[in-house]
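Residue numbers (the numbering used here): 0 to 302. We treat Cβ as the ideally placed atom computed from N, Cα and C, and that holds for glycine. Below: the structure, in structure tokens.
Structural data, given as structure tokens:
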């Protein structure tokens, strides 16, 4: 489903999905940047049999990052971005926002029109990416998150003006293999970054807090953490699989005069909901700020 100001596009039919599955057998995927997010995605692609490890390559200036990527995915690694470009049909850009210009300039003169750039760089717009590539380069902007490594990522992507339906289908196929993926208008990407891009960290903190509460109530730490993690996982599955509003599901657990309502009262006194809303808004604002910083850096460089 495509989410934005316009009407949703229909989902791929079975025939298109079958064609994409066949294409995946020959997919050659490259990563410029072999950090944690790149490794999580690539590892997920391999584990879910979407990409063969010998069709995977990444570049990174840091030996530790290259070795970690190779160990987690079985793919090849290099110090040279050109090696990655020459070996890939779909190229993931996975660098810090202030490294985008340098990374893309290093491959610009070797770019082939049949290639597609998939950027997972927070805050950097498609227009900004296009400034450093040949005219009419095919670009897709993605915001994934690290649970891709265990097949539970929540991703969103937006296609550039020259991206083909085929590019979007392959992107969706890869991202769906490691979780769920939604196509959105690019104007929503900063919000996605603040919610699902940064959201796992919020979830981990909540699980840790639940575990701390269990320990305070006398539970052993290991038991408390396992119960806390499974409780959050179960609650999330209830939302996704029942389609019910979270508030309805909360009410189903909250008996009149029972234990849960007292706990919820404490969460409300601590402004849990307002704090989480503020966290998402702050992360979204930082994503927009990173984009503006990258734009200023481009203007300063005089490119």
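- The DSSP assignment places complete alpha helix (DSSP H) segments of no fewer than 4 residues inside the stretch 236-275 at 245-252, 258-268, in order along the chain.
- Assignment of residue 153 by DSSP, reduced to helix, strand and coil, places it in the strand class.
- For residue 57, the three-state secondary structure derived from DSSP is strand.
- For residue 106, no beta strand (DSSP E) encloses it; the enclosing alpha helix (DSSP H) starts and ends at 99-106.
- Rounded to whole angstroms, the separation of the alpha carbons of residue 99 and residue 107 is 12 Å.
- Assignment of residue 181 by DSSP, reduced to helix, strand and coil, places it in the strand class.
- A straight-line Cα-Cα distance of about 6 Å links residue 245 and residue 238.
- Check the Cα spacing between residue 278 and each of 139, 196, 145, 135: the tightest is with 196.
- Going by C-alpha positions, residue 158 is about 21 Å away from residue 32.
- Between residue 147 and residue 136, the gap from beta carbon to beta carbon reaches 8 Å or more.
- Per DSSP, residue 90 is one residue of the beta strand (DSSP E) stretching across 89-92.
- Around the CB of residue 29, 16 or more other CB atoms lie within 10 Å, so the residue is classed as buried.
- Contact between residue 170 and residue 282 does not hold, since the beta-carbon distance rounds to 23 Å and is not under 8 Å.
- By the neighbour-count criterion, in which a residue is buried when 16 or more other Cβ atoms sit within 10 angstroms of its Cβ, residue 131 is buried.
- By the neighbour-count criterion, in which a residue is buried when 16 or more other Cβ atoms sit within 10 angstroms of its Cβ, residue 284 is exposed.
- Going by beta carbons, residue 122 and residue 96 fall inside the 8 Å limit.
- The beta-carbon separation of residue 54 and residue 85, rounded to 13 Å, does not stay under the 8 Å limit for a contact.
- In the same chain as residue 161, and ignoring 5 residues on each side of it, the C-beta atoms closer than 6 Å to its own belong to 135, 137, in chain order.
- For residue 210, the uninterrupted alpha helix (DSSP H) segment begins and ends at 198-215.
- For the pair residue 206 and residue 228, the CB atoms are nearer than the 8 Å cut-off.
- Here residue 222 is exposed: its Cβ has fewer than 16 other Cβ atoms, across all protein chains shown, within 10 Å.
- The stretch 180-190 makes no contact with the stretch 262-269: fewer than 3 CB pairs, one atom from each, lie closer than 8 Å.
- Looking at the backbone, the Cα of residue 204 and that of residue 274 are separated by about 13 Å.
- Closest in alpha carbon position to residue 90, among 177, 118, 145, 230, is 118.
- By the criterion of a C-beta distance shorter than 8 Å, residue 241 is surrounded in its chain by 248, once the five residues flanking it on both sides are discounted.
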